[in-house]
Amino acid sequence: MHFPPNLLAPTRKVVAAAFQQAISSKPTGIALRRYITWLENRMPTNSPAGGDALVPNDPFPWATLLERSWKSIRSELDQLSHNFDALPRFDDISPEQQRISENANWRTYFLYGYGAPVARAYDRCPQTGALLDQIPGLITAFFSVLGPGSRVTPHHGPYKGALRYHLGLQIPADRERCGLRVGDHTLHWEEGQGFFFDDTYEHEVWNETDEWRVVLFLDVARPLRFPYSVMNEALIGLISRSAQVATARSNHEAWEESFERLFDASAGPRKP
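The numbering used here puts the first residue of the sequence shown at 21, with every later residue one more than the last.
Next up, the structure:
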């Protein structure tokens, strides 16, 4: 049965409030983990994205717009390319990433983080920012920059309520030596093409070439039927207020101050 959105709105608010109170009132991580497991177990059968490692593009019509606009995104990336080595390593921003990126020159340029655009990045990349603003359920967006000879070791994400999207922007000529394994699937990026996957499946990344590899890296909320969609939104909201996210935001803000000066110096005087 289909209900008009205006009739569902009060119900969504009630469900969201009740679920938020439940997950926030439990004093232990064990109880919260039980909520998450209960919800995750219901996701594959209540989502058009299904439950496989590789996710179809069909539930995400905005992905077509990104792919059509990839050259505009690439042109804004290009203004950063001479400063790739000055970008922060992922573990500089998010220290818990160190265990998987210790031997990788994995650098990031954040555009959007847990519900909030990065103002300076939007100023520097306005076309990319305008495209990101059209994505419902966007959680995180950044240019993921993997240096030559790098490998991100096998790992898996913590929560099925988010899905990952990669859009190829700057891909080494020898594509076969630069790839991603998700579960039993091996993928190779192509400029202007994107794909989705569930990062709770074990995955790893490698770049065995002597060139940089750059993708637009997005995490988006998994599409779900009501009421699971509201519960998922509440959990993502809870994560956005966690200590780990607060640390990442603080680290990024500190880095942005220094990069702003470097970028302005390398770009030369601005036009009036």
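Think of the CB as a built atom: it goes at the ideal place given N, C-alpha and C, for glycine as much as any other residue.
Glu-196 and Pro-79 have their C-alpha atoms some 28 Å from each other.
Residue state for Asn-77 is assigned as coil, using DSSP reduced to three classes. Rounded to the nearest whole angstrom, the CA to CA distance from Ala-106 to Thr-160 is 21 Å. Put simply, of Ala-51, Leu-59 and Arg-53 the residue whose alpha carbon is nearest the alpha carbon of Tyr-248 is Leu-59. Taking a contact as a CB-CB distance under 8 Å, the pair Asn-252 and Pro-168 does not count as one, their CB atoms being some 38 Å apart. Ile-155 and Ser-170 have their C-alpha atoms spaced approximately 30 Å apart. Counting of Cβ neighbours within 10 angstroms places Ile-191 among the buried residues, the total reaching 16 or more. The secondary-structure analysis by DSSP pairs Val-202 across a beta bridge with His-205 and His-223. Shown here, Leu-85 sits in a helix according to DSSP, grouped into three states. Taken in chain order, the complete alpha helix (DSSP H) segments of 4 residues or longer contained in the stretch 134-186 are 139-144 and 146-152. Under DSSP, Arg-233 takes part in a beta bridge, and its partners are Leu-166. If you draw a straight line from the Cα of Thr-65 to the Cα of Ser-101, it is about 42 Å long. Within the same chain, and ignoring the five residues on either side of Leu-131 in sequence, the residues whose Cβ sits closer than 8 Å to its Cβ are Pro-137, Val-138, Ala-141, Tyr-142, Cys-145, Thr-148, Gly-149, Leu-152, Ala-161, Phe-162 and Phe-163. The shortest CA-to-CA distance from Tyr-221 to any of Ser-92, Gly-203, Glu-211 and Gly-214 is the one to Gly-203. Spatial neighbours of Gly-70 in its own chain (CB-CB distance under 7 Å, excluding positions within 5 residues in sequence) are listed in chain order as Pro-64.
A residue is called buried when at least 16 other Cβ atoms come within 10 angstroms of its Cβ; Asp-219 meets this threshold and is buried. One Cα belongs to Gly-135, the other to Phe-237, and the distance between them is close to 15 Å. The three-state secondary structure of Gly-214, taken from DSSP, is strand.
With contacts defined as CB atoms closer than 9 Å, Ile-56 and Leu-244 fail to qualify as a contacting pair. If you look at Asp-98, you'll find it in the alpha helix (DSSP H) that goes 90-98. Sixteen is the threshold: when 16 or more other Cβ atoms of the shown chains lie within 10 Å of the Cβ of Ala-83, as they do, the residue is buried.
Ranking Phe-217, Arg-233 and Val-234 by CA distance to the CA of Ala-73 puts Phe-217 first.
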